[in-house]
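**Student:** Here the working numbering is used: the first residue of the sequence shown is 60, the next is one more, and so on.
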Amino acid sequence: MSVSDDRPVDHDLAERWDPVANTYVDALADLDEFLRVCAELTGFDVPELRSTGMADEHHRTTLAHRVRDEHALVHLWYVGAWPGEAPSSARAHDQGLVWRTFHAAPPGSAAPGHGSWAATPRGAEEPGRADRRSEPGVPRRSAAPGGEGR
Numbered sequence: 060m061s062v063s064d065d066r067p068v069d070h071d072l073a074e075r076w077d078p079v080a081n082t083y084v085d086a087l088a089d090l091d092e093f094l095r096v097c098a099e100l101t102g103f104d105v106p107e108l109r110s111t112g113m114a115d116e117h118h119r120t121t122l123a124h125r126v127r128d129e130h131a132l133v134h135l136w137y138v139g140a141w142p143g144e145a146p147s148s149a150r151a152h153d154q155g156l157v158w159r160t161f162h163a164a165p166p167g168s169a170a171p172g173h174g175s176w177a178a179t180p181r182g183a184e185e186p187g188r189a190d191r192r193s194e195p196g197v198p199r200r201s202a203a204p205g206g207e208g209r
């Protein structure tokens, strides 16, 4: 969605012409319309946006701002904050679409579990591990005192 040249200069994404009222009305005042527009802008469908649990909070945040544009709405959903403002809640940040986009958890929001530091991260390789063991002069480590070298 973008603003076309035939609209008044002060027209923004949130307004649409209502011929009955003979004025512009807030098009995003309706939650369903807000979610439809946001789904189009973010690339996530309406059920996915609802599943974040942030639909009502993001709707209220949007309604609190007079001028809205596409970038602000996308920023709100992906980062959990209106541009230039702090997130409306810690949950808004944690439920940001940015984390779903690259399949990660926001830092500090979920404990990785006891001993997770000892395991190689999923999908990570241990580059050169096999090669280094066979290099001359590289000492072998033992798995346990008196155990075999690795």
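We put the beta carbon where it would ideally sit given N, CA and C, even for glycine. Remember, predicted model here, so these are calculated numbers, not experimental data.
Residue range of the alpha helix (DSSP H) that P158 falls in?
**Tutor:** For the purposes of this step, residue 158 is taken as residue 99 along the sequence shown, with counting starting at 1. The sequence given here places Trp at residue 158; Pro does not occur at that position. W158 -> alpha helix (DSSP H) spans 156 to 160.
**Student:** In whole angstroms, give me the CA-to-CA distance for A163 and Q154.
**Tutor:** Working through the sequence shown from its first residue, we reach residue 163 at position 104. Working through the sequence shown from its first residue, we reach residue 154 at position 95. Answer to the nearest angstrom: the Cα atoms are 11 Å apart.
**Student:** Go ahead and pull the three-state DSSP assignment for D91.
**Tutor:** Numbered from its first residue, the sequence shown carries residue 91 at position 32. Reduced to three states, the DSSP call for D91 is helix.
**Student:** Counting along the chain, where does the alpha helix (DSSP H) carrying P106 start and finish?
**Tutor:** If you number the sequence shown from 1, residue 106 lands on position 47. Taken as a continuous stretch (DSSP letters only), the alpha helix (DSSP H) holding P106 covers 105 to 110.
**Student:** Just mark H130 as buried or exposed, buried being the case when its beta carbon has 16 or more other beta carbons within 10 Å.
**Tutor:** Position 71 of the sequence shown, counting from 1, holds the residue named residue 130. Exposed: under 16 other Cβ atoms inside 10 Å.
**Student:** Measuring only the C-alpha atoms, how far is D64 from E184?
**Tutor:** Within the sequence shown, the letter at position 5 stands for residue 64. Within the sequence shown, the letter at position 125 stands for residue 184. For D64, the predicted model reports a pLDDT of 40, less than 50, meaning its position is unreliable and no value from the coordinates is stated.
**Student:** Kindly indicate which three-state DSSP category D128 falls into: helix, strand or coil?
**Tutor:** Counting from 1 along the sequence shown, the entry for residue 128 is found at position 69. In this structure, D128 counts as coil in the three-state DSSP scheme.
**Student:** Report back the beta-carbon spacing between R109 and L94 to the nearest angstrom; my notes put them in contact at under 8 Å.
**Tutor:** Position 50 of the sequence shown, counted from the start, is the residue given in the question as residue 109. Position 35 of the sequence shown, counted from the start, is the residue given in the question as residue 94. At roughly 7 Å, the Cβ-Cβ gap stays under 8 Å, so R109 and L94 are in contact.
**Student:** So A149 is in the alpha helix (DSSP H); what residue range does that whole segment cover?
**Tutor:** Here residue 149 refers to the residue found at position 90 when the sequence shown is read from its first residue. Here the alpha helix (DSSP H) through A149 covers 149 to 153.
**Student:** Does T160 pass the burial test, meaning 16 or more other C-beta atoms within 10 Å, or should it be called exposed?
**Tutor:** On the sequence shown, position 101 is the one that residue 160 refers to. So T160 ends up on the exposed side.
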